Each structure stands twice: as C-alpha cells, then as structure tokens.
Amino acid sequence: PLPIGRGNVEQIGGITLVDESYNANPESMGFALKALATRGSGRCHVILGEMHELGDLSPSAHERVLGLGKTLDTCLAVGPLFRAAAAAMNVAQVDHCQDIDLRDYVSRLSEGDTVMVKGSNQVFWKHQFMQSLRQTIIDAT
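The working numbering puts the first residue of the sequence shown at 255, with every later residue one more than the last.
Encoded structure:
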C-alpha cells in the first residue's frame, strides 16, 4: 500500500477520493492534475492546497497550476498563495481548508465523480482535512 497522502484512491459510495495531500510542487501538481483529467467517466473535482518554499517562483507557479486545475469540472484553491491567481481566473479560493463548508461541497457531488485533494501537507494534515472530507462523504451516502 501507498503511504497516506501519496496517491491513495478510495471508493466511498459512488465517489472516488484521491488523496494527494502529502506533498506539492509545481511538477507533481501538474502531473496529478493531468492524470485526474484522464480518469474515465464522471466529473473531476480538485481541491488544491498552496505550495510552499518556492521563493520568487511562487506567484507564477500557483498561476500555472491553477490554470490546469481550472480545466476540470470544479477547482477550489486553498491558501493565500493562490489568492491573486484565483481572483484573476475567477476560481473559488479560501485561505484555510477549515473555511470549506464540507457538507455543501459534498452535496454537489454525484455518483461517479472523482475528487482529488492535492497540496502541501501543512495545508491539510494539521487540520485532519482528509478525515473530515472522507467522513462527510460517508455521512452523505
């Protein structure tokens, strides 16, 4: 089995949940988003957590990643490093993962949909985001 947060795929009800919440850099984000876009039938949703330790490359890297994420059915950007790019591209953005209304988010999912969470572990892990999202999907099915 894969270590937690490194591409784990799980079926919950009719929803596929892809946990890529352990690490993020521009290359891994791009690869994961392109892979998600080719996942067969159903809608593709992504929750992108900001990437840390990019220095001067941060604004352009977040813009490029968000451009790829925007091509999916839904994209939600998490973290202030996404703020400017999200505003320019008209993509939903919150500063902290705990700002996401998970019940509302999950209520918009349909059987056959895939949700991927990808970002730096500092964005999601300390808030136990994946556990909360997983439980919200279980409660809704």
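Quick reminder that beta carbons are idealized off the backbone N, C-alpha and C, glycines included.
As the structure is a computational prediction, the values presented were derived from the model and not from experiment.
Give the straight-line distance between the Cα atoms of residue i and residue j, rounded to the nearest whole angstrom.
i, j, result
"S364", "T328", "13 Å"
"T270", "P280", "24 Å"
"A340", "T395", "31 Å"
"G268", "R318", "31 Å"
"E274", "G323", "14 Å"
"E307", "N344", "25 Å"
"P334", "G294", "32 Å"
"F285", "K372", "11 Å"
"D310", "Q385", "33 Å"
"T368", "L287", "12 Å"
"P313", "L320", "11 Å"
"W379", "G303", "11 Å"
"Q265", "M283", "22 Å"
"G296", "G366", "5 Å"
"F383", "Q389", "10 Å"
Can you tell me whether residue i is helix, strand or coil according to DSSP?
i, result
"I266", "strand"
"H350", "coil"
"D273", "strand"
"A340", "helix"
"T328", "strand"
"H316", "helix"
"I391", "helix"
"M370", "strand"
"H381", "helix"
"G259", "coil"
"V345", "coil"
Going along the chain, which residues of its own chain have a beta-carbon closer than 7 Å to the beta-carbon of residue i, five neighbours each way excluded?
i, result
"A291", "C298, T325 and L326"
"N277", "S374 and N375"
"R337", "Q347"
Rounded to whole angstroms, how far is the Cβ of residue i from the Cβ of residue j, which I believe are closer than 8 Å?
i, j, result
"L356", "L387", "6 Å"
Compute the minimum distance between the beta carbon of residue i and the heavy atoms of the ligand COA, and state whether it is under 7 Å.
i, result
"P280", "As presented, the structure is devoid of all ligands, the ligand COA included, so that no description of it is given."
If I measure Cβ to Cβ from residue i and keep anything under 8 Å in the same chain, skipping five residues before and after, which residues do I get?
i, result
"S361", "A394"
Label residue i either buried or exposed according to how many other C-beta atoms from any shown protein chain fall within 10 Å of its C-beta, with 16 as the threshold for buried.
i, result
"L256", "exposed"
"I391", "buried"
Near residue i, which residues of its chain fall below 6 Å by C-beta distance, leaving aside the five closest residues on each side in sequence?
i, result
"I301", "L330 and V371"
"V263", "V272"
"H316", "L335, F336 and A339"
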